[in-house]
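A.B. asks:
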Amino acid sequence: MDTYWLTTYILQIVILIIGLLLAIFSRQGILIGYYAFFVLIGVSGTLLASKGINNMFLFHSETLFEFIILNLIFYKYFKSEYIKLAIIIADVLFIVIAVLTPIYWNPIETFNEIPRVISSLWFIGLSLFLLKSLMDYKQDLFSLPTFWYVSAIFFYFTINLMLFSSYNRIGGLDFGKYFDVWMINDLSMYVLHFMIIYGISRERVFISKTSAFLNKSFI
Numbered sequence: 007m008d009t010y011w012l013t014t015y016i017l018q019i020v021i022l023i024i025g026l027l028l029a030i031f032s033r034q035g036i037l038i039g040y041y042a043f044f045v046l047i048g049v050s051g052t053l054l055a056s057k058g059i060n061n062m063f064l065f066h067s068e069t070l071f072e073f074i075i076l077n078l079i080f081y082k083y084f085k086s087e088y089i090k091l092a093i094i095i096a097d098v099l100f101i102v103i104a105v106l107t108p109i110y111w112n113p114i115e116t117f118n119e120i121p122r123v124i125s126s127l128w129f130i131g132l133s134l135f136l137l138k139s140l141m142d143y144k145q146d147l148f149s150l151p152t153f154w155y156v157s158a159i160f161f162y163f164t165i166n167l168m169l170f171s172s173y174n175r176i177g178g179l180d181f182g183k184y185f186d187v188w189m190i191n192d193l194s195m196y197v198l199h200f201m202i203i204y205g206i207s208r209e210r211v212f213i214s215k216t217s218a219f220l221n222k223s224f225i
């Protein structure tokens, strides 16, 4: 593994650990599960890559878990029972697609292009719908943790859709273009996590606990 990839993996793990600690501090159960899983995936992927072992199979499990855990965020914030039911049905259908994909379409040692495209389209649509609902409240959107979570998801999956809708066909291109795809993906992941972490910092529990700590320490 060359220096760039090793540095990228380590930086991602550090950001994920920060996100996990902040989620625990602010008692955000869904995000605790999200970051705990991705810390595990990040460490596993780094160890496998450092030994020259193909770690693409991790993307298959990662995509499935990511779909379900992020849907929990939308399930929490949407009030409509019809949308909640649609999210549950989407989870069931996506599990079926994720299981069938390595059997029929994208082998386990290759990138799971089909589930990634489906999940990207799903989350782009859900994000836009929820953002429209937030705007209807005419509040200060930038003060709402939900705005930052949903905007992060929208941004990340929009980039994902553009990068990976034909990833396995891009694989035949020269390494420079292959490298560019993953470099852009890495940058989009940093933006995703920074936005989520900022959203956590806007949570009332986080703000109240931070204020209490500062008052106790400096006053």
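Counting from 7, one number per residue, gives the positions in the sequence shown under this note's numbering. Note that beta-carbon positions come from the ideal geometry of N, C-alpha and C, so glycine has one too.
Can you give me the C-alpha to C-alpha distance between I95 and F43, rounded to a whole angstrom?
C.D. replies: Distance between the alpha carbons of I95 and F43 is about 23 angstroms.
A.B. asks: Ends of the alpha helix (DSSP H) at S126?
C.D. replies: Taken as a continuous stretch (DSSP letters only), the alpha helix (DSSP H) holding S126 covers 119-142.
A.B. asks: With Y41 and L26 assumed to form a contact (beta carbons below 8 angstroms), what rounded beta-carbon distance in angstroms separates them?
C.D. replies: That pair is a contact at about 4 angstroms.
A.B. asks: How long is the line joining the alpha carbons of S32 and Y110, rounded to whole angstroms?
C.D. replies: Cα to Cα, the separation comes out at about 42 angstroms.
A.B. asks: Taking only three categories from DSSP, how would you classify I103?
C.D. replies: Correct three-state label for I103: helix.
A.B. asks: My guess is that R122 and N77 are in contact by the Cβ rule of under 8 angstroms, so how many angstroms apart are they, rounded?
C.D. replies: No, R122 and N77 are not in contact; Cβ-Cβ is about 15 angstroms, not under 8 angstroms.
A.B. asks: Among the residues of its own chain, which have a CB less than 7 angstroms from the CB of T164, if the five just before and after it don't count?
C.D. replies: I130, listed in sequence order.
A.B. asks: What number of angstroms, rounded off, separates the C-alpha of S214 from the C-alpha of P151?
C.D. replies: For S214 and P151, the distance between alpha carbons rounds to 14 angstroms.
A.B. asks: Can you tell which of S207, I30, L12, Y10 has the C-alpha that lies nearest to the C-alpha of F153?
C.D. replies: Closest option to F153, Cα to Cα, is S207.
A.B. asks: Assess, as a yes-or-no matter, whether the segment 60-67 is touched by the segment 135-148 under the definition of 3 or more beta carbon pairs within less than 8 angstroms.
C.D. replies: No, the segment 135-148 does not touch the segment 60-67.
A.B. asks: In chain order, what residues of the same chain have a beta carbon less than 8 angstroms from the beta carbon of L134, not counting five sequence neighbours either side?
C.D. replies: So the qualifying residues of the chain are F160.
A.B. asks: Along the chain, where does the alpha helix (DSSP H) containing E115 start, and where does it finish?
C.D. replies: From DSSP, E115 is part of no alpha helix (DSSP H); its letter is neither H nor E.
A.B. asks: Taking buried to mean at least 16 other C-beta atoms within 10 Å of its own C-beta, is I101 buried or exposed?
C.D. replies: Classification for I101: exposed.
A.B. asks: Taking M201 and A158 to be in contact with their CB atoms under 8 angstroms, please state how far apart those CB atoms are, rounded to whole angstroms.
C.D. replies: Confirmed, Cβ separation roughly 4 angstroms.
A.B. asks: By the 10 Å Cβ neighbour count, where 16 or more other Cβ atoms means buried, how is F73 classified, buried or exposed?
C.D. replies: Buried: at least 16 other Cβ atoms inside 10 Å.
A.B. asks: Within a Cβ cutoff of 7 angstroms, which residues of the same chain sit near I93, ignoring the five residues on either side of it in sequence?
C.D. replies: Around I93: N77, F80, Y81.
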